[in-house]
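As structure tokens, the structure follows; a few thoughts come after it.
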Amino acid sequence: MQTTHLGNSDLKVSKICLGTMTFGEQNTEAEAHSQLDYALERGINFIDTAEMYPVMPRAETQGKTEQYIGSWLKKSGKRRDIILATKVAGPARGMQWIRQGQNDLNAANIRAAVDASLKRLQTDYIDLYQLHWPSRNAPIFGQKQFDPALERPHTAIAETLSVLDELVKAGKIRAIGVSNETSWGVSEFIHQAEKLQAPRIASIQNAYHLMNRAFEQGLDETCFRDNVGLLAYSPLAFGQLTGKYADDLNAHGRLTLFPPSWSPRYTRPLVLETAKRYADLARANGLTPTQLALAWCYSRWFVASTIIGATSLKQLKENIDAYEVKLSDELIAGIEKIHAESHNPAQ
Ligand SMILES: NC(=O)c1ccc[n+]([C@@H]2O[C@H](COP(=O)([O-])OP(=O)(O)OC[C@H]3O[C@@H](n4cnc5c(N)ncnc54)[C@H](OP(=O)(O)O)[C@@H]3O)[C@@H](O)[C@H]2O)c1
Numbered sequence: 001m002q003t004t005h006l007g008n009s010d011l012k013v014s015k016i017c018l019g020t021m022t023f024g025e026q027n028t029e030a031e032a033h034s035q036l037d038y039a040l041e042r043g044i045n046f047i048d049t050a051e052m053y054p055v056m057p058r059a060e061t062q063g064k065t066e067q068y069i070g071s072w073l074k075k076s077g078k079r080r081d082i083i084l085a086t087k088v089a090g091p092a093r094g095m096q097w098i099r100q101g102q103n104d105l106n107a108a109n110i111r112a113a114v115d116a117s118l119k120r121l122q123t124d125y126i127d128l129y130q131l132h133w134p135s136r137n138a139p140i141f142g143q144k145q146f147d148p149a150l151e152r153p154h155t156a157i158a159e160t161l162s163v164l165d166e167l168v169k170a171g172k173i174r175a176i177g178v179s180n181e182t183s184w185g186v187s188e189f190i191h192q193a194e195k196l197q198a199p200r201i202a203s204i205q206n207a208y209h210l211m212n213r214a215f216e217q218g219l220d221e222t223c224f225r226d227n228v229g230l231l232a233y234s235p236l237a238f239g240q241l242t243g244k245y246a247d248d249l250n251a252h253g254r255l256t257l258f259p260p261s262w263s264p265r266y267t268r269p270l271v272l273e274t275a276k277r278y279a280d281l282a283r284a285n286g287l288t289p290t291q292l293a294l295a296w297c298y299s300r301w302f303v304a305s306t307i308i309g310a311t312s313l314k315q316l317k318e319n320i321d322a323y324e325v326k327l328s329d330e331l332i333a334g335i336e337k338i339h340a341e342s343h344n345p346a347q
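When we follow the working numbering, the leftmost residue of the sequence shown carries the number 1, and every step to the right adds one.
So this is what it looks like as structure tokens:
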């Protein structure tokens, strides 16, 4: 497995990152540990989690994902072998169980969130600490355009960066990243970091897959010039790009287990239609739809690491094996044709 340096940080991460948001909901602790063992056997050293996980988010389960990673770290003794990334939740009035729904990216909340994550993870440092979504109004999670009417009070980026600086100096975190960010956000974080001599973001964790290539509309140039690595999440569009829902609308998986209201951007009719087109293209070229979708992310120049997710070892194996798949020019032309005709339906 190849590795890469994340932005200007000294974190050397594998090109595939293991996502864990199924641990504690769709996966048991034992299954979580098996996935972690298997990922490491296959050369993955990069693990992504969040204080909010597992999904779908619930008061009863919040924190379980980090706890399962923590119990695995304690059992395996592999802390020094991995690059561990977690996230602090942004404002989420609906999640009363995270700091009474008063969450924001202010100093007191971030200090409390880091300490709680360290405890659950049974470690004394986090390699990459990410802001799960911005404090300010920004178009995220399926909102396609910026809407000034949604402006609200928020924590200034300077305050967030100052507390992250304090945490780096205290040795609790090594590097920082943003998630669900825009071009303006990335530039502003870099600008403020330079002004305050605070830590510089090493990464941006955004959705990126065949049916949401919004990153290519400006963020690609911003991140290239500012040396910020993309951690591409949901590379299979919540399972849609495996083709299983195109084959059978009632297929077992996240999209039939959880209410559609939780993930509307992945259940739009155009998403299903487009997923079928990519699945047909893959099969016509001797690939599985999963191989096509993951090979696309694995081979983009701007993707530092692709965060994969799985609910079984069989899925995990297929997803890691897809790293060996090379897409021909002809196949890429086929992808671009579908993209031109069905542009980012899951954005
Ligand atoms: N920053 C953020 O806001 C954010 C948001 C989302 C995700 N993430 C991160 O990214 C990671 C991955 O995201 P994701 O889980 O949404 O990725 P994804 O690749 O879009 O979906 C993964 C899911 O698809 C299904 N699947 C995976 N491989 C399969 C295969 N070979 N055959 C059939 N089905 C397969 C599994 O679910 P079923 O078995 O249930 O179908 C699996 O859990 C997360 O764990 C998390 O770390 C971050």
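Glycine included, every Cβ here is placed at the ideal spot set by N, Cα and C. For clarity, every value in this text was computed on a predicted model and none was experimentally measured.
Supposed close pair residue i, residue j - CB separation, criterion 8 Å
{"i": "K350", "j": "Q122", "result": "What the structure shows of the chain is the stretch from 1 to 347, and residue 350 is not part of that stretch, so it cannot be assessed."}
{"i": "A232", "j": "Y208", "result": "4 Å"}
{"i": "G309", "j": "G19", "result": "4 Å"}
{"i": "N45", "j": "I82", "result": "5 Å"}
{"i": "P134", "j": "V168", "result": "The Cβ separation is near 20 Å, so there is no contact."}
{"i": "V186", "j": "L219", "result": "7 Å"}
{"i": "A282", "j": "L292", "result": "4 Å"}
{"i": "N206", "j": "N227", "result": "At roughly 16 Å, the Cβ-Cβ gap does not stay under 8 Å, so N206 and N227 are not in contact."}
{"i": "R58", "j": "M1", "result": "Incorrect: roughly 34 Å between the Cβ atoms, too far for contact."}
Buried versus exposed call for residue i [16 or more other C-beta atoms within 10 Å across all chains shown]
{"i": "A284", "result": "exposed"}
{"i": "D104", "result": "buried"}
{"i": "P153", "result": "exposed"}
{"i": "F215", "result": "buried"}
{"i": "A158", "result": "exposed"}
{"i": "P269", "result": "exposed"}
{"i": "N319", "result": "buried"}
{"i": "M52", "result": "buried"}
{"i": "A322", "result": "buried"}
{"i": "S234", "result": "buried"}
{"i": "K244", "result": "buried"}
{"i": "D127", "result": "buried"}
{"i": "R136", "result": "buried"}
{"i": "R120", "result": "buried"}
{"i": "P148", "result": "exposed"}
{"i": "S263", "result": "buried"}
{"i": "A193", "result": "buried"}
{"i": "L257", "result": "exposed"}
{"i": "P54", "result": "buried"}
{"i": "L150", "result": "exposed"}
Among the options, nearest to residue i - alpha-carbon criterion
{"i": "T86", "options": "S263, R93, D48, A113", "result": "D48"}
{"i": "Q217", "options": "I190, T242, S183", "result": "S183"}
{"i": "W175", "options": "G7, T3, A346", "result": "For clarity, residue 175 is Ala in the given sequence; the question names Trp instead. When only C-alpha atoms are compared, the closest one is G7."}
{"i": "A50", "options": "H5, Q197, V178, T242", "result": "V178"}
{"i": "K78", "options": "A92, A59, H33", "result": "H33"}
{"i": "M211", "options": "G94, R265, K64, P260", "result": "R265"}
{"i": "T65", "options": "G94, S117, G101, R42", "result": "S117"}
{"i": "L196", "options": "S203, E188, A202", "result": "E188"}
{"i": "S162", "options": "A107, A112, V271, I16", "result": "A107"}
{"i": "I173", "options": "S261, D10, H343, M1", "result": "D10"}
{"i": "T160", "options": "A113, L313, D37", "result": "A113"}
{"i": "L313", "options": "S76, A340, E31, L257", "result": "E31"}
{"i": "K276", "options": "P259, R80, L249", "result": "L249"}
{"i": "C17", "options": "D329, Q100, A304, Q192", "result": "A304"}
{"i": "S76", "options": "D37, H5, R300", "result": "D37"}
{"i": "H252", "options": "S261, E221, T311, T288", "result": "T311"}
CB contact flag (residue i, residue j, <8 Å)
{"i": "T290", "j": "Y298", "result": "no"}
{"i": "Y125", "j": "L164", "result": "no"}
{"i": "L241", "j": "Y278", "result": "yes"}
{"i": "F238", "j": "R213", "result": "no"}
{"i": "V13", "j": "T22", "result": "no"}
{"i": "M56", "j": "E25", "result": "yes"}
{"i": "W97", "j": "Q62", "result": "yes"}
{"i": "V88", "j": "I110", "result": "yes"}
{"i": "A202", "j": "G171", "result": "no"}
{"i": "A346", "j": "V325", "result": "no"}
{"i": "A39", "j": "L327", "result": "no"}
{"i": "F146", "j": "A156", "result": "no"}
{"i": "G90", "j": "L131", "result": "yes"}
{"i": "T274", "j": "I338", "result": "yes"}
{"i": "F224", "j": "F302", "result": "yes"}
Cross-strand partners of residue i (DSSP beta bridge)
{"i": "L128", "result": "A85, A175"}
{"i": "K12", "result": "H5"}
{"i": "D48", "result": "G19, A85"}
{"i": "S305", "result": "L231"}
{"i": "Q205", "result": "S179, L231"}
{"i": "N27", "result": "F23"}
{"i": "N212", "result": "H209"}
Residue i beta carbon near ligand 2 (any heavy atom closer than 7 Å)
{"i": "M21", "result": "Looking for ligand 2 in the displayed structure turns up nothing; the ligands present are ligand 1."}
Chain C within 8 Å of residue i, Cβ atoms only
{"i": "P139", "result": "Chain labels in this structure do not include chain C; a single protein chain is all it has."}
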